[in-house]
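Visitor:
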Amino acid sequence: MLRTLFVIITIAIIFLIFRSMWRSWQRRIVKGEVIPALPDAPTERGQAMLAIDHATYLGTVTDEHWLDRVAAQGLGGRGPSELVVLSAGLVIERAGAATHFIPKSAINEVALAKGIAGRVYGEDSVVVVSWTWGSTLMHTGLRVVDKDSRLGLVHALTQWGPGGSQTDRQPAKSKPAERSGDIPPTPGGEK
1159 MLRTLFVIIT
1169 IAIIFLIFRS
1179 MWRSWQRRIV
1189 KGEVIPALPD
1199 APTERGQAML
1209 AIDHATYLGT
1219 VTDEHWLDRV
1229 AAQGLGGRGP
1239 SELVVLSAGL
1249 VIERAGAATH
1259 FIPKSAINEV
1269 ALAKGIAGRV
1279 YGEDSVVVVS
1289 WTWGSTLMHT
1299 GLRVVDKDSR
1309 LGLVHALTQW
1319 GPGGSQTDRQ
1329 PAKSKPAERS
1339 GDIPPTPGGE
1349 K
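Here the sequence shown is numbered in the numbering used here, starting from 1159 and rising by one per residue.
(1) Excluding the 5 residues flanking R1227 on each side, which residues of the same chain have their C-beta closer than 8 angstroms to its C-beta?
(2) Thinking C-beta only, is A1269 closer than 7 angstroms to V1286?
(3) Does the pairing of the stretch 1246 to 1263 with the stretch 1301 to 1310 give three or more beta-carbon distances under 8 angstroms?
(4) Where do the ends of the beta strand (DSSP E) carrying D1306 lie?
(5) Report the three-state DSSP secondary structure of G1292 (helix, strand or coil).
(6) Per DSSP, which one or two residues make a beta bridge with G1217?
(7) Under DSSP, the beta strand (DSSP E) around V1228 begins and ends at which residues?
(8) State the DSSP-derived secondary structure class of R1277, mapped to helix, strand or coil.
(9) According to DSSP, simplified to helix, strand and coil, what is L1160?
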């Protein structure tokens, strides 16, 4: 009898945990509905400035909630991806998920960081692309293990400059751990 009671209590606790997780994900989706529909990747891609076959899409977060991934429009799921930098913008081709496109005119900043959305990998091992879509400032984390490919991606994206203009600016070093809290971030991630 006592064993049956423990089994029932354990099953009830597991059910409540999964229900809470599901409701939390649904709330994230509703919160993300303020983001306008994302653009489709161009069908005519032309010459790629850079292509990286082995990368990991870590997710997209809003500026207000650095640790809370956006769940709407497929932006929340992590997974393997291929990255293609075109003259029109950045294409993120995700395995088993929708392809994302960030127009170069929407990109505000590209920074090297330790991590994003609660995942920490190491000094300057994550490329964080900050971009504005509609009125929402978002940050997309991309993990590229190969250092030369990572630096090539940063260079390809930073040569556009804010809003897609051509420039020779250097990538900023962001400190995501400092971005959560009451201290607003400044360009370059410094306090």
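Cβ coordinates follow ideal geometry from the N, Cα and C atoms, glycine included.
Guide: Reading off the structure:
(1) Taking the sequence shown and counting its residues from 1, one reaches residue 1227 at position 69. Closer than 8 angstroms at Cβ, skipping near neighbours: R1186, G1217, T1218, V1219, L1233, G1234, A1275.
(2) Position 128 of the sequence shown, counted from the start, is the residue given in the question as residue 1286. Position 111 of the sequence shown, counted from the start, is the residue given in the question as residue 1269. Result yes, Cβ atoms of V1286 and A1269 sit closer than 7 angstroms.
(3) The stretch 1246 to 1263 vs the stretch 1301 to 1310: no contact.
(4) Residue numbering aside, residue 1306 sits at position 148 when the sequence shown is read from its first letter. Premise fails: D1306 lies in the alpha helix (DSSP H), 1305 to 1316, not in any beta strand (DSSP E).
(5) The count along the sequence shown starts at 1 and reaches residue 1292 at position 134. G1292: coil per DSSP, three-state reduction.
(6) Here residue 1217 refers to the residue found at position 59 when the sequence shown is read from its first residue. DSSP lists G1299 as the beta-bridge partner residues of G1217.
(7) The sequence position of residue 1228 within the sequence shown is 70, counting from 1. For V1228, there is no enclosing beta strand (DSSP E), as DSSP marks it with neither H nor E.
(8) Counting from one through the sequence shown, the residue named residue 1277 turns up at place 119. Of the three classes helix, strand and coil, the one that applies to R1277 here is strand, per DSSP.
(9) Here residue 1160 is taken as the residue at index 2 of the sequence shown, counted from 1. Annotated three-state conformation of L1160 is helix, per DSSP.
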